[in-house]
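J.: If you scroll down you'll find the structure; I have some questions about it.
4 protein chains.
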Amino acid sequence: MAYNLLKGKKGIIFGALNNMSIAWKVAERAHEEGAEFVLTNTPVSLRFGELNELAEKTGSIIVPADATSVPDLENLVKTAMEKFGGKIDFILHSVAMSLNVRKGKLYDDLNYDYLKKTLDISAISFHKVLQVSRKLDAIKDWGSVVALSYVAAQRSLYGYNDMADAKAMLESIARSFGYIYGRDKKIRVNTISQSPTLTTAGSGVKGIDGLLDFTNRMSPLGNATADECADYCVTLFSDLTRKVTMQNLYHDGGFSKMGMSFRAMNMYNQGLEQGKHMKDDE
Amino acid sequence: MAYNLLKGKKGIIFGALNNMSIAWKVAERAHEEGAEFVLTNTPVSLRFGELNELAEKTGSIIVPADATSVPDLENLVKTAMEKFGGKIDFILHSVAMSLNVRKGKLYDDLNYDYLKKTLDISAISFHKVLQVSRKLDAIKDWGSVVALSYVAAQRSLYGYNDMADAKAMLESIARSFGYIYGRDKKIRVNTISQSPTLTTAGSGVKGIDGLLDFTNRMSPLGNATADECADYCVTLFSDLTRKVTMQNLYHDGGFSKMGMSFRAMNMYNQGLEQGKHMKDDE
Amino acid sequence: MAYNLLKGKKGIIFGALNNMSIAWKVAERAHEEGAEFVLTNTPVSLRFGELNELAEKTGSIIVPADATSVPDLENLVKTAMEKFGGKIDFILHSVAMSLNVRKGKLYDDLNYDYLKKTLDISAISFHKVLQVSRKLDAIKDWGSVVALSYVAAQRSLYGYNDMADAKAMLESIARSFGYIYGRDKKIRVNTISQSPTLTTAGSGVKGIDGLLDFTNRMSPLGNATADECADYCVTLFSDLTRKVTMQNLYHDGGFSKMGMSFRAMNMYNQGLEQGKHMKDDE
Amino acid sequence: MAYNLLKGKKGIIFGALNNMSIAWKVAERAHEEGAEFVLTNTPVSLRFGELNELAEKTGSIIVPADATSVPDLENLVKTAMEKFGGKIDFILHSVAMSLNVRKGKLYDDLNYDYLKKTLDISAISFHKVLQVSRKLDAIKDWGSVVALSYVAAQRSLYGYNDMADAKAMLESIARSFGYIYGRDKKIRVNTISQSPTLTTAGSGVKGIDGLLDFTNRMSPLGNATADECADYCVTLFSDLTRKVTMQNLYHDGGFSKMGMSFRAMNMYNQGLEQGKHMKDDE
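Residue numbers (the working numbering), protein chains in the order written: chain S, 1 to 282; chain V, 283 to 564; chain G, 565 to 846; chain D, 847 to 1128.
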C-alpha cells in the first residue's frame, strides 16, 4: 500500500547492491511513495550488482561514487542537484565494510590498515556525505538523513569485530552533525539500528545463522526484515517525523530491550539438557 | 496534508481535555488520516474540558472512564469493540497527574498517599489498559499502543518531582507488556518522550517558562509541539512501523542527545556575566 | 584481605536474611573494613532468618523495621543515631518482594493489590528510607546510599514480572533523590545492578537455573557473586567514590554490555541442532 | 589517607604531562596505595612536561612511547615486564588530542587527515595498547584496564568537535576488547566518563569556563576534580571491583543524570531576564 508520503521529495540512496539490500528495498518503497532519487554505489559494486534493474524500475539515474572520496561525493551531490533542479530532501547511508571481518582477522589481532578502512568506509563516509551536503547547501530545510546501524554499537556480539566500533562512531557522527545541521538548517540526522538482516554484506558475519535464530526468538515481534526497514525509513523521510533527530532508533522487533525471552530460553535449555551428556564446550 | 495512513483503523484515545492537549491533536490528526476512535477521559475532566467539540469534529463517541478503574476500562474497551464491531488497532495513553506537584509537596517531603495516586494514575493505569485489552482480546494483531512520557524518566529535572518516577515506571511497563503482547499477539507497545509542552497539565510544573526556553535553545530543532507529536503518533499507529516495539522514542528536537548547545550556552553566559555583580544565587 | 576502607564509618544495612543474602555479605565485608552498623529487617524475616548470628559476628544491634512503615523507619534511624552518638555514613537497601511472582500471577494477569505491595516494598521503601533520613538529618555530608537493582529495569526477562517495573522505579528514585540529597548535603545515591544471584529471594524467580547458566556464559567474567557484590559495595561506601552519584552501576561480569558471546552461542546452537529433530518449541 | 589497596600491584600509566593531568594524580594516588608503575608519554610531551619530577616522587621509570606506534608500545610493555619481572596488573590510558580542535576547524569543516589523527591518537591507540598487551600476555588474570572518556560520547556539546566521535569509539573499544579479554583472561576493561577538568589538554576546548560553571551547577555534587578521579581509578584497579567490566562509569558529580538543576536554572534565568533588553542572541 502506498500513501504518497514522499510525494515530490528528492533524495540520494547509498548502498543498494542487489534485491537483498536494505537500500534496494528503501529505493523501491520510496519510489512507491512518490520520491525521486539518485542511486549510488562504488564503481566495483556497480559492476557486480544489479543496480541498473533498480534504476529502471524506479526511474532513477546511477552516479558511481566511492563514499570515502570527497570529490566523488561532491560530484554525486552536484549531479543530484542538477538533475532535480535544486536541493534534495533526504539521504540514505547504507555503507559498511570490514576487511578484518572479510579476511578473518580476529578483534584481538586486528590489522590496523584494515581498521582504518573499516572506519573510513563505514563511519567517516557518513561525515563526508554530511559535510559535502552542508558545504554545497544541498539539503532543504527540514530534510532528513538516515544511516543504518546495528546494536553491536551498544553491546558486544561475538564475531562482529571492528564493525562494532565503526557503528558506535557512526551513531556518534549522527549526533554530532545532527546538532549542527539541525541548528543551522533544521535538517534531522538519525540512525536506524536494524535487526541482523541476511543481505550480501550481512552474510559475511560469522555464525550468522544461529545468531539470526537467537535474535528472532528473543524479539517478541521477530527479526525485522529489509522490507519492514524500508517502511520505517519512509516514515523518517516523511514530514511526520520532523522533530526526531540525533536518535538511534531500534527497528528490531524489540530485541534491544530484551534480557531473555521464553522462546530463546527454551531453545537454550535444550542445549543445556543436551550439554549435560557432553564435555564442557569451553 | 493527509495520507490515509490510518484508513480503516479503529482506536481509543485517552487524555484529551482541550485543544492544548496532545491527545486532542492526536485525535484530530488520526481523524484526518482516516481513523475512527473512541475518546475517553475521567468524568471530572469531561465536565471541565471541551471534549464534545472534539467528538463532533471527529465523529467520535465519548466514553467516560477513570483509567485507574478496571471496571471502567472494561466498559470502555467493550463499548469500543461494540461500536466498531470487532477489535481495535491502536490506543493512545496520555494520562498523568501528581498531587504532590499540585499541592506543592517537594520531593524530599512527599505525601505517600499522593505518591500512590501519582503512580496509579500516571503509570499503573497504563498496565490496566493493556491488561484489560489483553484479557478482552481487544487489539488486532500488529496493533499499536503508545503512551506519552518525558525525559525526566532518565534525567532529573528540578520540580518534576514524583512524576519522574512514574514516567520511569510507565516506560518499564511499555517494555514489560510489550514483550508479552508482542510475543503473543504481535502488538507493539512504545512510549514517546515528548518535549516539555505547554498543555493544561504541563503548565502546573514549576518554572516551566525558563525550562521551555532552555530546552528550546538546547534542541537543535527547537521544542517539539503538540501538533508535531500528533504527526509522530500517526506514524507509530500506521503499518509502517510494525517492528518498532518496547522503545522509548524521543520526540524532542534533539534535546535528549544534547550536552550543551551554542545558543543555550550564550544565554547561560549572559546570566554568568550578570551574576558577577550579584551575590551567589545559592 | 581488609584495607580499613570504612574505618570509623557507621551505617544501616537492610535486608540480610541468611548467609546467602547479599546484604549479609555486605555486612561481613563492611565489618572487616572497619565499619559499625545497625542491621534491620522485618519482624517476620527476623524470626525465619539467622540475623542474630550476623549481629554477634559483627558486633551489631538489630532493629526490626518494616521498610514500608515511616514510623518504623524513624525509629530505626533514631536508634542508629543514638547508638552511634550522631550521624551515620552509609545505608544499604536490599529489599524486594513480589507477591505476583510468589503467587504465580503472570504479568498480563497481575493482581493490582499485589502490584502495589511490590512497589511499596521494592521501590517506595527506598524513598521512605531517604526521606526519613533527610528529615532527621541522619547522614553525614559525603555519605553514601546504595540500593540493589537488576538489569530487568532496562531489559525484559521472562518471569521477572512486576519486579522489573519496581526496579525501574527504584533506579529512578536513586536519581531523583540523588539530585536533592547531593545538592543539599553532598550525599550520593546509587544503585548496583547485580548479576542474578542465588539468594533465598532470587530463587523464587521462575527458570532461574537456565537463566543463571545463560548469563554466566554471556558474561565474559561470569556472573558476579554475592561476595564480589559486597566488595563492590565497600568501594561505594568508601571515600574514594565521592563524586559518583545518581548512577546505576552494573556489577555483572559484563552481561549488560553483551549482545551474544561465543560460549552462549555454542550452547544455544546445541539446542538448535537438537531442535531440528523436534517439533517447534512454541 | 592510604589503604594499601594496590599493594604489590604493577602497572603502566599513559598520559601524565604535568601536575594538572589526571594521569599525574592517578600516579600519585596509585603510588600512595602501594603500586609500582612505568610512566609513559610521547617524546615531545616528555620534553615539555615535568614527568621526571613525578617519576622521582613515585620511584618510577619513564619509557617514551608514541601510543599510536605498535613497536613503541611493544617496547613499552616489554620494558615494563622486564622491570617488574613478570606480568602487570593495571593500565591507565589517558591519551587524547584533536588537531581539528587545535587548529580551529569546525565540525562541519573537518580536515579528514586531522580526523584520522584524532581517531588514531584518542581511540585506536587504546586498541593498540590492549592488543599489544594481549599478544605479549602482559596482564595478570583479573587485571584492570581503564581509559578516560567524556559525556560527549553520548551527548553533543558545542565545541567538542571530532573528539566526541573519538570518545564514542574509545568506549566501544572498551566493550569490544573487554568481552574478549574478559572471556580469555578475566581482565576487565572500563572507561571513566569524567567531569570536564581543567587540564592542559582540556583547556584547549572552546568556551570551557562557561561550560565548567554550567556543569558544576548542574551536578548536585559539583564537578569531579582530577584528584577525585584518581581516587576512583584506584578502586577500579583494586581487587574490589573484579566483576565490573565493559562499562562506561560516570564520575561527574551526577551531571550525566541531570536534565535541569535549580542552580543552573537560576543562572540561566538571569541570562533570560537580561536578554529581554537585548537583541536575540542567535
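Note that the Cβ used here is the ideal one computed from N, Cα and C, for glycine as well.
1) Grab me the residues of S/ASN4's own chain with a C-beta within less than 6 Å of its C-beta, minus the 5 sequence neighbours each way, in chain order.
2) I want to verify the contact list: residues of chain G whose CB lies under 9 Å from the CB of S/ALA152, in sequence order.
3) Note down, in chain order, all residues in the stretch 998-1016 of chain D with a beta-carbon under 7 Å from any beta-carbon belonging to chain S.
4) Using CA coordinates, which residue listed in S/GLY222, S/LYS167, S/GLN270, S/LEU54 is at the minimum distance from V/ILE469?
5) Please decide whether D/ASN1112 counts as near chain V, where near means a Cβ-Cβ distance under 9 Å.
6) Assign G/TYR814 to one of three DSSP states: helix, strand, or coil.
7) Whose CA, out of S/ASP72, S/VAL244, S/THR197, S/GLU32, lies closest to the CA of S/VAL129?
8) Are the CB atoms of S/LEU157 and S/GLN194 nearer to each other than 9 Å?
9) Label G/ASP844 either buried or exposed according to how many other C-beta atoms from any shown protein chain fall within 10 Å of its C-beta, with 16 as the threshold for buried.
10) Tell me the DSSP secondary structure of V/ASP444 in three-state form.
11) Quick check: the stretch 1010-1020 of chain D against the stretch 163-181 of chain S, are there 3 or more CB pairs under 8 Å?
12) Let me confirm a value: V/GLY290 is counted as buried when at least 16 other C-beta atoms fall within 10 Å, else exposed. Which label applies?
13) Does S/GLU56 pass the burial test, meaning 16 or more other C-beta atoms within 10 Å, or should it be called exposed?
14) Considering just the uninterrupted stretch of the beta strand (DSSP E) at S/ARG188, what are its terminal residues?
15) Determine the closest residue to D/PHE1108 out of V/LEU493, V/ASP513, V/LEU374, V/MET540, with distance taken between C-alpha atoms.
16) Go ahead and pull the three-state DSSP assignment for V/LEU287.
17) When DSSP builds the beta bridges, which residues end up paired with V/LEU554?
18) Give a yes or no on whether 9 Å exceeds the smallest Cβ distance from G/GLY707 to chain V.
19) Can you give the beta carbon distance from V/PHE598 to V/GLY425, rounded, assuming they're within the 8 Å contact cut?
20) Should V/PHE544 be flagged as near chain S, meaning a C-beta pair shorter than 9 Å?
21) Are the CB atoms of S/THR235 and V/SER520 within a distance shorter than 9 Å?
22) Look at the alpha carbon of D/GLN1120 and the alpha carbon of D/MET1113, and state the distance between them as a whole number of angstroms.
23) Strictly below 8 Å CB to CB, what residues from chain V border D/GLY950?
24) Could you give the distance in angstroms between the alpha-carbon of G/ALA566 and the alpha-carbon of G/GLU614?
25) For G/PHE578, which beta-bridge partners are listed by DSSP?
26) Which residue spans inside the stretch 601-653 of chain G form an unbroken alpha helix (DSSP H) run of at least 4?
27) Run the CB neighbour count on V/ARG499, radius 10 Å, all protein chains shown included, and call it buried at 16 or more, exposed below.
28) Secondary structure at S/MET258, three-state DSSP: helix, strand or coil?
29) To test your reading of the DSSP string, which unbroken alpha helix (DSSP H) runs of 4 or more residues are found completely within the stretch 99-130 of chain S?
30) Alpha carbon to alpha carbon, how far is D/ASN921 from D/GLY931?
31) So D/ALA869 and D/GLY857 are supposed to be a Cβ contact under 8 Å. How far apart are they, rounded?
32) Check the Cβ of D/TYR1025 against every Cβ in chain C and list those closer than 7 Å, keeping chain order.
33) Check whether the stretch 964-971 of chain D and the stretch 1021-1028 of chain D touch, using three or more Cβ-Cβ pairs below 8 Å as the test.
34) Show which residues of chain G have a CB atom less than 8 Å away from the CB atom of V/MET528.
35) Who are the neighbours of G/GLY774 on chain S, taking C-beta pairs under 8 Å?
36) Please work out which residues of its chain come closer than 6 Å, Cβ to Cβ, to V/LEU381, disregarding the five sequence neighbours upstream and downstream, and give them in chain order.
T.: Inspection of the coordinates gives the following:
1) GLY34
2) GLY823
3) ALA999, SER1002, ALA1010, ASP1011, ALA1014, MET1015
4) S/GLY222
5) yes
6) strand
7) S/ASP72
8) no
9) A caution first: G/ASP844 carries a pLDDT of 48, below 50, which makes its placement in the model unreliable, though a value can still be read off. Exposed, because fewer than 16 other Cβ atoms sit within 10 Å of the Cβ of G/ASP844.
10) coil
11) yes
12) exposed
13) exposed
14) 188-194
15) V/LEU493
16) coil
17) Paired residue(s): none; V/LEU554 is not in a bridge.
18) no
19) This structure gives no information on residue 598 of chain V, because the portion of chain V shown stretches from 283 to 564.
20) yes
21) yes
22) 11 Å
23) Residues of chain V passing the Cβ test: none, with the nearest at roughly 15 Å.
24) 25 Å
25) G/THR604
26) 607-612, 615-622, 634-648
27) buried
28) strand
29) 99-102, 112-119
30) 15 Å
31) No, D/ALA869 and D/GLY857 are not in contact; Cβ-Cβ is about 11 Å, not under 8 Å.
32) Among the protein chains in the structure shown, which are S, V, G and D, there is no chain C.
33) no
34) SER720
35) MET265, TYR268, ASN269, LEU272
36) TYR396, LYS399
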